[in-house]
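Quick mapping for you: the protein sequence lines, in order, are chains E and V.
Sequential numbering from 0 applies to the first sequence in numbering that gives the first Met the number 0.
Sequential numbering from 0 applies to the second sequence in numbering that gives the first Met the number 0.
For reference, the structure is listed below as structure tokens.
Protein chains: 2
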Amino acid sequence: MGKFSFENLWSEKSTDAPRKLVNHAEYDFAVAYPPPEGVPMDGLIDGLKTIVDAKSDEVARDMSYYPHVQGEESLRELTAEKIFVDRGIKTDKESIVLCNGSGEANGLIIQAIINPGDYVITEEYVYMGTTNQLNYFGANIVGTKIDDKGLIPEKLEETILNIKKKAGVTPKILYTIPEHQNPTGSILPKDRRIDIIDICKKYGIMILEDDCYVDNRFEGCPEPSFASLDDSGMIAYVGSFSKLIAPGLRMGYFTATDELIDRALSVKIGSGPNQFVAYAIDGFLRSNLNNQRNNYNKLLKDKKEAMEKALEETFDKSNAKWSSPSGGCYTWIEFTDGTNLSSIRDEVFSKGVGYLSGENFAPNGDGQNMARLCFAFESIEKNYDGIKLLGSILKDMKVI
Amino acid sequence: MGKFSFENLWSEKSTDAPRKLVNHAEYDFAVAYPPPEGVPMDGLIDGLKTIVDAKSDEVARDMSYYPHVQGEESLRELTAEKIFVDRGIKTDKESIVLCNGSGEANGLIIQAIINPGDYVITEEYVYMGTTNQLNYFGANIVGTKIDDKGLIPEKLEETILNIKKKAGVTPKILYTIPEHQNPTGSILPKDRRIDIIDICKKYGIMILEDDCYVDNRFEGCPEPSFASLDDSGMIAYVGSFSKLIAPGLRMGYFTATDELIDRALSVKIGSGPNQFVAYAIDGFLRSNLNNQRNNYNKLLKDKKEAMEKALEETFDKSNAKWSSPSGGCYTWIEFTDGTNLSSIRDEVFSKGVGYLSGENFAPNGDGQNMARLCFAFESIEKNYDGIKLLGSILKDMKVI
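See the structure below:
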């Protein structure tokens, strides 16, 4: 039989780009993964067993349903307790929406708010998963200046006024990762958060707070969440179990006002998130939350220190500077102006070291002289060896 | 603090409709769920354990990755084997895409093809989950006449010609559930499938074959799949583990040509489907596929017979007729013209019996005198008692 032609059938929004498959360098610092040594598979299986044994009829019935649009009730309850204890957020299971990863949570909120052409402000460098979604839904993204503490309130207000002046509209959303920011690792101080709430409120801009790294702190104490500093309803708070347990679980969540939850769910296609996984997380975390967090954070600290040691031994502070984060998964490195880590990325990758150069995180495409290095995934030894190798590759290529 | 106003922020596509929560009647025949008694929770936990024990390092590494866009490799391999053995489809793991339920599979294919205003043909009565998605993406849906064997090739060609004549365009997709059709339970004979392939090919229409009930046969042998009867690439084949194991797993799949897979994945937001669940399904099914299927189908058969017995004892064949399916989860009942099961649905629900009236499945809104009764979910006793109760409610209301 001849080949059927789809030529006249394709939709305008689909493309013939080959599907995206991830390739891993030998030393893979380009990833965004937590420590595989810390993924508690046995604990999750035990957690699942605990729940199934405790309420087998209820579990079987609920598994043969399509999931509740907000996800499994007991995990919503645990999540509400967790973000009250950890983040000072007063909420309950009725106001928690479990999602297929925090990406879905961000996506639903974006779709509840954004029409094509609307403006969104983010940090100057910010998580590409969210900027990809914002682009997909037609938002204009404007990055606002950051320093080593993150967003700068005065600069934020300047950015808002600039958009109002140039585009004649007010931005609708400030999207921010205030704790262990991705990619820079910065932590936004409480006083700045308060100022930013005031500024956003003044202009009627909602805050989308992405707190997905808050559990990954290995030094010091967290700053209060935006959501705990305001009770006007302007903040949607997004969290995740990806960086506390494992991304492969695909379980994140958000909480917001009832009306925002209804709006966000009104654009949701498909059913609620996975109940099977929810049982495993629920059963596991009820007796292991602190152990799991401590275990991960010990791994993260050791790995970060190994990478930092290699950075100090390898690079000259006259042409490179790097962050020393107290949590999260990434070190952010900045070379002197004119260095182009973007154009040499494939060659360095082929020689064994993966990284993500800065322009991937910049709405305006800047940042070729910067890179995000994930210290969380590779082993301590590979973190050290990989940075040494990166140094010698860059020297050989006369980049540094 | 005052309440923050979102009034000027909502997107056009979001609505303030309250989130949809499912209420269950005492005798709930409105659902689309498999037998809860057959959900193999212990088997799934054992399956998960088998996989984790066999390859713990690989599992931990893969769990800390974001999933492959097509889903976990070993389950893709098993799925390819299963649909070759069961459905005669020659494919391999590279051409299987695991999805967050078969709903996501259908949705991705629809988005790869449909621009707003395009035409899609379906059975006259068909699964509302898909028509909801088609509506969401702006398709014009035209139902084509069916009989107790499903699609009628001559009527299909008439429908195509009518659309060409009236709208001046050719439909792009024929969406069909050929095996244990939802809601009618019909099974499309092989010779009709062959004729339908020829007709669709003649007009350049692709076939979206939704085979999600094929495992639920308790009598006779399945007809060959559309996908096994054609090698031109015009057929996208969708399947699911929802009705073989449990909907709560949220795991479905599709296979299609490489170019259609690329197109479908080009519109996918978010990452691949759940690996944790994939391990459990993979580990479970590798040693329990036939047991699980036989166990489910024994339950389905007994439950269907209990409902059928009650229907025969309760309703008069002069004013009602009902299907006697050889598989799937539903009996389709049709009362005499003029009976309106839609307008009395809430009252009957409040008296204890849930059903879905026919217009829910009809692109043109017809079918108020029909209803889908799910026999799969309630117990044998409740299937019998619930139908008897339905009869007495309808008699009391002077509907029959």
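Idealized CB from N, CA, C, for every residue including glycine.
Small disclaimer: the values here were computed from a predicted structure and weren't measured.
Residue-level contact to chain E via CB, residue i, 8 Å cutoff
i: residue 369(V); result: no
i: residue 28(V); result: no
i: residue 344(V); result: no
i: residue 80(V); result: no
i: residue 116(V); result: no
i: residue 2(V); result: yes
i: residue 249(V); result: yes
i: residue 286(V); result: no
i: residue 180(V); result: no
i: residue 173(V); result: no
i: residue 48(V); result: yes
Proximity to residue i [Cα-Cα], best of the options
i: residue 402(E); options: 207(E), 202(E), 195(E) and 179(E); result: Because chain E is modelled from 0 through 399, residue 402(E) falls outside the range shown and cannot be assessed.
i: residue 284(V); options: 379(V), 313(V) and 245(V); result: 245(V)
i: residue 366(E); options: 353(E), 202(E), 142(E) and 159(E); result: 142(E)
i: residue 166(E); options: 48(E), 117(E), 263(E) and 379(E); result: 117(E)
i: residue 362(E); options: 261(E), 139(E) and 30(E); result: 139(E)
i: residue 192(V); options: 90(V), 216(V), 68(V) and 148(V); result: 148(V)
i: residue 125(V); options: 146(V), 86(V) and 42(V); result: 146(V)
i: residue 280(V); options: 11(V), 57(V) and 71(V); result: 71(V)
i: residue 377(E); options: 221(V), 211(V) and 60(V); result: 60(V)
i: residue 38(E); options: 338(E), 298(E), 368(E) and 315(E); result: 298(E)
Whole-angstrom C-beta distance between residue j and residue i, which should lie under 8 Å
i: residue 227(E); j: residue 88(E); result: 5 Å
i: residue 217(V); j: residue 235(V); result: So it is not a contact: roughly 27 Å between Cβ atoms.
i: residue 69(E); j: residue 271(E); result: 6 Å
i: residue 324(E); j: residue 184(E); result: 3 Å
i: residue 239(E); j: residue 101(E); result: 4 Å
i: residue 250(E); j: residue 97(E); result: 6 Å
Neighbour-count burial assignment, residue i, 16 or more Cβ in a 10 Å radius
i: residue 197(E); result: exposed
i: residue 115(V); result: exposed
i: residue 16(E); result: exposed
i: residue 27(V); result: buried
i: residue 103(V); result: buried
i: residue 1(V); result: exposed
i: residue 201(V); result: exposed
i: residue 317(V); result: exposed
i: residue 406(V); result: Lying before the first or after the last residue shown, residue 406(V) is absent from chain V, which here runs from 0 to 399.
i: residue 62(E); result: buried
i: residue 336(E); result: exposed
i: residue 230(E); result: exposed
i: residue 40(E); result: buried
i: residue 215(V); result: buried
i: residue 309(V); result: buried
i: residue 137(E); result: exposed
i: residue 29(V); result: buried
Chain V within 8 Å of residue i, Cβ atoms only
i: residue 63(E); result: yes
i: residue 9(E); result: yes
i: residue 361(E); result: no
i: residue 378(E); result: no
i: residue 42(E); result: no
i: residue 14(E); result: yes
i: residue 372(E); result: no
i: residue 135(E); result: yes
i: residue 186(E); result: no
i: residue 291(E); result: no
i: residue 275(E); result: yes
i: residue 261(E); result: yes
i: residue 258(E); result: yes
i: residue 151(E); result: no
i: residue 101(E); result: no
i: residue 268(E); result: yes
i: residue 396(E); result: no
i: residue 410(E); result: This structure does not reach residue 410(E), given that chain E is present from 0 up to 399, and the question cannot be answered.
i: residue 295(E); result: no
The ligand SAH heavy atom lying under 7 Å from the CB of residue i
i: residue 335(V); result: Ligands are entirely absent from the displayed structure, and the ligand SAH is therefore not among its contents.
Unbroken alpha helix (DSSP H) runs of length 4 or more, entirely within the region 248-292 of chain E: which are they?
-> Taking only runs of at least 4 residues, the alpha helix (DSSP H) segments lying wholly in the region 248-292 of chain E are 257-265.
Unbroken beta strand (DSSP E) runs of length 3 or more, entirely within the region 129-153 of chain E: which are they?
-> Complete beta strand (DSSP E) runs here, min 3: 139-143.
Fully enclosed by the region 286-337 of chain V, which alpha helix (DSSP H) runs are 4 residues long or longer?
-> Listed in chain order, nothing qualifies, since the region 286-337 of chain V has no complete alpha helix (DSSP H) run of 4 or more residues.
Which residue spans inside the region 167-220 of chain V form an unbroken alpha helix (DSSP H) run of at least 4?
-> The region 167-220 of chain V contains these whole alpha helix (DSSP H) runs: 189-202.
Which ranges does the beta strand (DSSP E) cover as unbroken runs of at least 3 residues, wholly within the region 97-129 of chain V, from first to last along the chain?
-> Positions of the beta strand (DSSP E) runs, each at least 3 residues long and wholly inside the region 97-129 of chain V, are given as 118-122 in order along the chain.
Please specify which runs of the beta strand (DSSP E), each continuous and at least 3 residues long, are wholly inside the region 344-390 of chain V, giving them in chain order.
-> Runs of the beta strand (DSSP E) inside the region 344-390 of chain V: 369-373.
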